[in-house]
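Quick notes on the structure that follows.
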Amino acid sequence: MTTTSPHTGPEPAPGLPEPGACPAGLWDLGIRAVARARTWADASAHEPVPRTAELLSRILADPDGLEFTTRFVDDVVRPADLDVAGRALQRLAAGRTGFLPPALSAAMGMGGLASRLAPSAVAAIARRTFRELVGDLVVDATDRGLGPALARLRKGGNRLNVNLLGEAVLGEQEAGRRLADVADLVAREDVDYVSVKVSAVTGPHNPWGFEEVVAHGVEVLTPLYRLARDHGTFLNLDMEDYKDLDLTLAVFTAILDQEDLAGYEAGIVLQAYLPDSLAAMQRLQEWAAARVAAGGARIKVRVVKGANLAMETVDAQIHGWEMTTLPSKQATDTNYKRILDWAMTPERTRSIRLGVAGQNLFDIALAYEMRAERGLEDGDAVEFEMLSGMATGIQEVVRRDVGHLLLYVPVVSPAEFDVAIAYLVRRLEENAAPANFMSGVFDIATDEAVFTRERDRFLAALADVDPSAPLPTARRDQDRLAEQEAGLPPLDTEPRPFAATPDSDPSLAANRRWARQIAAAVPTSQRGVQAVASGAARLATAEAVDAAVELLRDSAPAWAGLGATERAAILNRVGDVLAVRRGELIEVAASEAGKTIDQADPEVSEAIDFCRHYAEMSLCLEDPDYLAGARFVPSRLTVVASPWNFPLAIPTGGVAAALATGSAVILKPAPPAKRCAAELVAAFHEAGVPQDVLMLAPIEDGEVSQHLVTHEGADRVILTGSYDTARLFRSWKPDMHLLGETSGKNAIIVTPSADPDLAVRDTVASAFAHAGQKCSASSLLILVGSAGRSERIARQLVDATASLRVAGPEHLDAQVGPVVVPDEPKALRGLTTLGAGEHWVLRPQHLGGGLWRPGIRAGVRPGSEYHLTEYFAPVLGVMRVDTLQEAIDAVNAVDYGLTSGLQTLDAEELALWLEQVEAGNLYVNRGITGAIVRRQPFGGWKRSAIGSTTKAGGPSYLLGLGDLVAGDRDGARAEGQAAPAVEGLYDAARHELSHEDLAFLRGALAADARAWDEAYGRAVDVTGLPCERNALRYRPGPAVVRAEAGTAPVDLVRVMAAAVLSGAPVRLSTDQPLSPGLGGALAGAGVEVVVEAPVVWQARLADLAASGELGVRVRLLGPRDQSAEARWDEASRITGGSPDVALYTGEVTACPHSELLPFLHEQSVSVTSHRFGTPFDIAEGLL
C-alpha cells in the first residue's frame, strides 16, 4: 500500500492536473500509467475492429442513436409476439434513421414498408440481424452455439468468466431451473469460471427476513460450490443491487466457512461506486487472512466500478432515500483506485487475489504499473478483466502485455434473448454516455482531444486518492434504532413544507436489528389493550355516547378557534410522535391485524404523511385567494369509522383531516383493529390534541355503535369500508353526511407488448400483499391476445404465487400474512368455490390460523360472479380476451372504479386505455397498490366513492369536511378574464344582473379561469420524479343541476358557468323558464335544459336514485334564505339516502374549488417512466 506523503517529487508536466492529496509514489505510477495508456491506445489503432462493433459505435455516436437502439432492442427484439414487434418496427422506421449507416438506413426503410404487409416475417429478420450485431456482447448459450463461441473468445490466451442470463427469477421453480443450468455450465469441460448471483437462485424474498434468506442461499448454493470444487471450476458470486451487498457477503463467507470448502478458492465482486466497498474489502481481508492462516484457500475479489447506477437512482427516487452510490463519476473513479491501492500489496494478496475489472485504459495501466511496482507481476495475485465484445482492439494490445485477460461473457438461450435487454441497455449506455470512457474508445488513438479528456479525468480522480483519509461511509444512513432511542425532536411550530416520509430500508443492518426486536415482541404484545378496555367501558351505553358527543361538540369551537397555523403545528407534532413510535405501531399492527413488517412500515410513513399533508392543506382554508371570498365553516364533530385492513394509515388520515379543519373527532375503529386505534389516539394526545377534542370509541359493532354513527350530533361520518357498509349506514340514517372510500374490484390488463416478467411481478405483488386484503388489490388479471396464450406468463405467474412464504407477521420472511377475518363468507367463497368454466391453476390451501396459500383461478368469464365481486382474499382470477378494447370494457363493467392497471410498452395502447378506463387511481407498468400521500392521491369512481368526497391525500379532501359559505361576496377578485368557454354565458347574463351581482360573477369566473389553468384543466405532477410520472388530472363527469323557484339568477349562472367550463355533460332542471338569452347561451354550450315542476323533479330524482346508475352527481340550488342543510335533508329523503347519488347542496360561492369539483372526477395516474433505469416516457404527450 502507498503510505508516502502527498506529492513532493518533480512538478507535473505542463497542462496536467495537480496531484492534490495523492501520495507521490502513487502519483508517479499514474504518470507512468498515462504513458502506457498512450502506447496501448496507439497500438490499438492498428488492430482490426469487428464490423459489428464499428456499426454499433457509429449509431451510438448520434444524439438519437441510444434512444433508437434501446427502443429497437426493447420494442422489436424483446416481444414474444412477432406482430407486436413488426408494428414497433414500423414506428421506428417512420422516425429519423439518417444517422444509421446507409445500408442499415435503407434496410430500415424497406423493413418498415414490408412490415406493414408481413410484420412477423420482417420482425424475425430484424431480430436475427440485431443478435448478430451484439453477438459478442451476449453469447448463444445453446450447446450448438456456446462451445464454438467460447473457443473463439479464448483465442490468444483469454480466460472466460461465463454468466448465464435468464428469465426473471420470480419463484422457486425458476430459481431451481437457473441453478440447474448454472450447474451444467460448471460441469462443462470448456468452462472453468462461472459467475452467479444469490438473487438468481433463491427467488424473491421479503428483504426483512435477512437471516432466513442467507440460510436459504447457503442451502441452495452449497451443492453448486461443491460441484465447482470437484470440477475445478472457479465460482464468482456476483451482485448488482446495493440491497444485495450484505446478503452476498454473508452467503459467500458462510458457504466458504464450511469445513469441506475450506480449501476451495472462490470469488466475490465489490462495486467501487458504493462508498461501503472499501470497508467491505477490509472486512473480507480480515476474514480471508484468518481463513488462510487456518490452512484454507485464499479468495478473489473482483473490483468493478459498478454498472447499476441507473436502477440505484430509481430506487432512491421512488423511496425518497439517499443515493447509495458516490456522488460523481470522478468520486467513483477515485474510490476504485483507492481500493486497488489498499488491496494490492504482497501481504494482502496472500489472502485475496484481485480481479481488476474495467474497460478504462488508464485504470488498467495504473493497475499494471502498480502490480509491477509492488512485485506482484510474476504470480497470479492480480488478474485483469474486461467485457467480452467491447473495445476488442484495446483488449488485444492489453492482453499482450498483461499475459492474459479474463473476459466477462454473458450467455443466454436465443429463446430467452429478451432477458438480455437490461444488460444490453447498460452496455449501450456506457458506449453512448460522454462521461464514460467507452464513449471515446474508437477515437482515443486518433483524436488527441479524446485522449486528453480521458487522461485528465483519470488524473483528476487519482489526485483525490488520499489513503490517510477516513474510510468512506455509507451514504444511506437511516437508522430506526437510533431514531427510536433519540426520542422526539425539539418542538418546531413553524410551518413545514410537505416532504414524503421515507419507508424503512431493510438493506441497512441497523434497521434489520430494529425489525428483529419488533418481530420478537409481536407474539406477546399487549399494546393498546388497557386503553381499549377503558375506552369500551366509557362508551358502553347510548347515554354514554350522548355525553361524549356533547362534550366533543362543546370543545370543538375552542379547537377551531386556535386557527389553522396552530392546528397545523400540532398535526406536524403528531407526525413527529408517530415517527418515533414507528416500531411500536408496527408491533401492534402485526400483533392485532396480522400485518407483516413490509406492509406495516409503509403504513406508518403514510400516517405521518397524512398529518403533514393535511397540516399544510389546512392553511388554504384560511387563505382568501384560495377561497375567492368564500368562508370555510368546519363540522363541529366528525366520526371516523376506520377499517381493519389499514389499521394505522387510514384512521390517522381521517382523524388528521378532520382535526385540520377545526372539527372534533370520534374514532370508531373496526373491531379487529381497536388496539391500533388506541395507540394512534394516544399519539395524537401526546402531540397536543386535547382529549376532549379527540376520543376513541373502541366498541363492538351493534346498537351502541349504530347510535354513534347515526347521532344527530355527528355532522360528518368518514367511512373506509365496503359499499355494503355504506349502504347500511345510509339505511339507518338517509340524511347522513357520509364521505366514503369503499370497495374495489380491480384489474391489471396485460397486452402482448408488455414486459412479461415485470407484468407478472407487479401482478403478484398487487394481488397477494397483505393476503389480498386491500381495497386496491388486483384480484383480476386480464390477458389480451397472445399474452393470454403465453406459456411464459402462465408459468411465471404460478411459480411466483406458489413460492410466496405464508406465515404470521412474527416471521420476518413472511410475504403473505393471515386473513384477518377468516370466517367471512364472501372471502371463503372466493377461496373455495369456482364459477362456470373456471378451474384452479393453483388451488388455495388453508393452513390454519387464518393463513391461506394464495390461489389462481383461470377461465373467468365476463359478467361472472368472480368478475364482478370483491372477495378481499388471497385469490386471483385470470380472464382472457382478444383485444384491448374488450379488456377495457370488462374493467368498466364492474360497479367499482378504485384502482386499475395496464402493462404495456405501446403508447397507442396506453392512449386508448387512459381515455376510456373508469377508475380513480391508474397505474402503468407498476403495481396498483401502495398509493403515497400527495404523490398518488387515493379515491375511486362509481361505487368506490360515496358522497361529495374527494381523494384522500389530495389537494381538495378537506373541503368535504365542512361547508363553504358565501362570506364577503365582494371578496372574489375581479382580476383576470373569464375562460373563453363561458364568455357567452357571461354576456347573456350581464344585462339581467345588478351591478353588484355582475361584479361577483366576474370575479367568480376569473377565479375559475385561474384555477382551471393552474390545476383543473391540465394534469399536474407535484412530485417531478424523473423515473415515474404521477399526474393528478380531472375528467368531466355527467351531472344534474336543479334550480328551485327563488334561485338567484346570478347563482344559477355562476354554477352553470363552472359546469360548462368543466366540459361535463350537464342537464339543468329548473322550476321556471330561463330568459331567452341565458337559455340560448346554455344550449349553445351543450347544456340540456328542462323545465320541471317540483313534483316532477322529485319523481325524477327518486327514479335516478333507484335506477342503479353509478356515479350520479346532483347540484341543488335554491333561494338564499333556504339553508344548505334544508336542501340536503329534502334531497336525502327523496333519494332514500342512496349511496349511488352524490348530493351537493352548499351555498353558491365564488370559490372555484367547490363549484368545479361537482362536475369533475379526480384521477391519479402513475406511470413508470424508465426501462431498467433508462428514461422511457411512454406517457409523453398523453398527460
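Numbering (the UniProt record's numbering), first residue to last: 1 to 1183. For each residue, glycine too, the CB sits at the ideal point set by N, CA and C.
Local conformation of residue i per DSSP, three classes
| i | result |
| --- | --- |
| Lys674 | helix |
| Ala873 | coil |
| Pro10 | Summary for Pro10: the model assigns pLDDT 40, below 50, so the residue's position carries little reliability, and this model does not support an answer. |
| Ser779 | strand |
| Phe210 | helix |
| Thr4 | Legend: pLDDT at Thr4 = 39, less than 50; position of this residue unreliable, value from coordinates given subsequently. Of the three classes helix, strand and coil, the one that applies to Thr4 here is coil, per DSSP. |
| Gln1163 | strand |
| Gly848 | strand |
| Glu824 | coil |
| His1170 | strand |
| Ala1179 | coil |
| Trp321 | coil |
| Leu884 | helix |
| Ala1004 | helix |
| Phe252 | helix |
| Thr742 | coil |
Whether residue i touches residue j by CB criterion (9 Å)
| i | j | result |
| --- | --- | --- |
| residue 1194 | Thr1070 | Here the chain covers residues 1 to 1183 and nothing more, so residue 1194 does not appear. |
| Leu284 | Leu270 | yes |
| Glu622 | Ala564 | yes |
| Asn921 | Ser591 | no |
| Leu1143 | Val1096 | no |
| Glu1028 | His1170 | yes |
| Gly30 | Leu366 | yes |
| Lys337 | Leu462 | yes |
| residue 1186 | Pro523 | An answer regarding residue 1186 cannot be provided, because it is not within the stretch 1 to 1183 covered by the chain. |
| Leu585 | Leu696 | no |
| Ala661 | Ser642 | Reading off the sequence, residue 661 comes out as Thr, not Ala. Not closer than 9 Å, so no. |
| Ala531 | Ala683 | no |
| Arg1002 | Ala978 | yes |
| Thr720 | Thr742 | yes |
| Arg480 | Ala510 | yes |
| Arg457 | Asp333 | yes |
| Ala787 | Val841 | no |
| Leu1068 | Val1040 | yes |
Close Cβ partners of residue i (< 6 Å) along its chain, the five nearest in sequence each way excluded
| i | result |
| --- | --- |
| Thr3 | At Thr3, the pLDDT of 40 sits below 50, so the modelled position is not reliable; the number obtained from the coordinates is stated separately. There are no such residues. |
| Tyr1119 | The identity of residue 1119 in the sequence shown is Pro, whereas the question assumes Tyr. Closer than 6 Å at Cβ, skipping near neighbours: Gly1046. |
| Phe234 | Tyr193 |
| Gly901 | Ile748, Tyr923, Ile928 |
| Pro410 | Val138, Asn163, Leu165, Tyr423 |
| Ile666 | Val639, Met695, Ala697 |
Expected contact under 8 Å - CB spacing of residue i and residue j to nearest Å
| i | j | result |
| --- | --- | --- |
| Ala593 | Pro490 | Contact flag wrong, Cβ pair sits at about 33 Å. |
| Val182 | Leu164 | 6 Å |
| Phe1159 | Ala1064 | 4 Å |
| Val639 | Lys668 | 6 Å |
| Pro818 | Leu851 | 5 Å |
| Leu831 | Ala873 | 5 Å |
Cβ shell of residue i (< 7 Å), same chain only, five flanking positions each side left out
| i | result |
| --- | --- |
| residue 1238 | Residue coverage of the chain in this structure runs from 1 to 1183, which leaves residue 1238 outside it and unanswerable. |
| Arg612 | Arg496, Phe498, Asn572, Gly575 |
| Gly1136 | Pro734, Ala1105 |
| Thr1174 | Thr70, Ala310, Val425, Glu429 |
| Ala149 | Val139, Asp140 |
| His474 | The question names His, but residue 474 is Ala in the sequence shown. Counting only Cβ-Cβ distances below 7 Å, and skipping sequence neighbours, we find Pro275, Asp276. |
Cβ shell of residue i (< 8 Å), same chain only, five flanking positions each side left out
| i | result |
| --- | --- |
| Leu964 | Leu627, Ala630, Arg631, Phe632, Val633, Gly1146, Glu1147, Thr1149, Cys1151, Ser1154 |
| said: To test your reading of the DSSP string, which unbroken beta strand (DSSP E) runs of 3 or more residues are found completely within the region 391 to 477? | reply: 405 to 412
| request: List in chain order: all unbroken alpha helix (DSSP H) runs of 4+ residues lying wholly within the region 1029 to 1100. | output: 1049 to 1062, 1076 to 1084
| Inside the region 254 to 293 only - alpha helix (DSSP H) runs reaching at least 4 residues | 277 to 293
| Any alpha helix (DSSP H) of 4 or more consecutive residues that is wholly inside the region 1122 to 1148 | 1124 to 1135
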